[in-house]
Structures are given as C-alpha cells and as structure tokens.
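Peer 1: Just dropping this structure here.
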Amino acid sequence: DGGALPEVVGDAGLVVAPAAEAIRDGLARVLRDPELAAELRRRGLARAAPLTWAATADGWLASLRRAAGGA
2 DGGALPEVVG
12 DAGLVVAPAA
22 EAIRDGLARV
32 LRDPELAAEL
42 RRRGLARAAP
52 LTWAATADGW
62 LASLRRAAGG
72 A
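Here it is, written out as structure tokens:
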C-alpha cells in the first residue's frame, strides 16, 4: 500500500502494507482460496487489457498537442 498503487490495482488485486507479515498474509490468503485467486486473475486481466503501448502513445500525443495549444 503506497503511492498510486491502490488506484492502479483497484479491485483487481490485494493491496497490503509494505511489511513482510502483511505480504505473507496476503499471499497465503490467495493461495488458500482458489476462488479468490481466479477472481483476482479475471479482474487483473480485465484491468490490464486497456493498458497498451498504443493507448499510452495516444495519451502522450494528446497531452503534447494540448500543451502546444492544439486540439
């Protein structure tokens, strides 16, 4: 849990404190619960799908055009 990580992960993963015990407990939770693991996998793939290099390039280009005074 830190920075923009909770925003980026959303409901597609478990966000835990940056401590060994919290990480251990989070991993154990997913390993013990196959349904949770499957659901997080599904959500993770859906969350990652729009995060392509093409989308990143389009976003940068749009930002540069706005900064240059274009549309």
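Position in the sequence shown counted from 1, then plus 1, gives you my numbering.
Think of the CB as a built atom: it goes at the ideal place given N, C-alpha and C, for glycine as much as any other residue.
Note that the structure is a prediction, hence the values are computed from the model and not measured.
(1) Can you give me the C-alpha to C-alpha distance between PRO51 and THR57, rounded to a whole angstrom?
(2) What did DSSP end up calling ASP1 once you bin it into helix, strand or coil?
(3) Can you find the residues in the same chain that come closer than 6 angstroms, C-beta to C-beta, to PRO7, ignoring five residues on each side of it along the sequence?
(4) Once the 5 residues before and after GLY14 are set aside, which same chain residues still bring their CB inside 7 angstroms of it?
(5) Could you have a look at ASP59 and say whether DSSP puts it in helix, strand or coil?
Peer 2: On the basis of the supplied data:
(1) Position 50 of the sequence shown holds residue 51. Position 56 of the sequence shown holds residue 57. Straight-line Cα distance between these residues: approximately 9 angstroms.
(2) Only positions 2 to 72 of the chain appear in this structure, which leaves residue 1 out of reach.
(3) The residue labelled residue 7 in the question sits at position 6 within the sequence shown. These residues qualify, in order along the chain: VAL16.
(4) On the sequence shown, position 13 is the one that residue 14 refers to. Answer for GLY14: LEU41 and GLY45, listed in chain order.
(5) On the sequence shown, position 58 is the one that residue 59 refers to. Here ASP59 sits in helix by DSSP.
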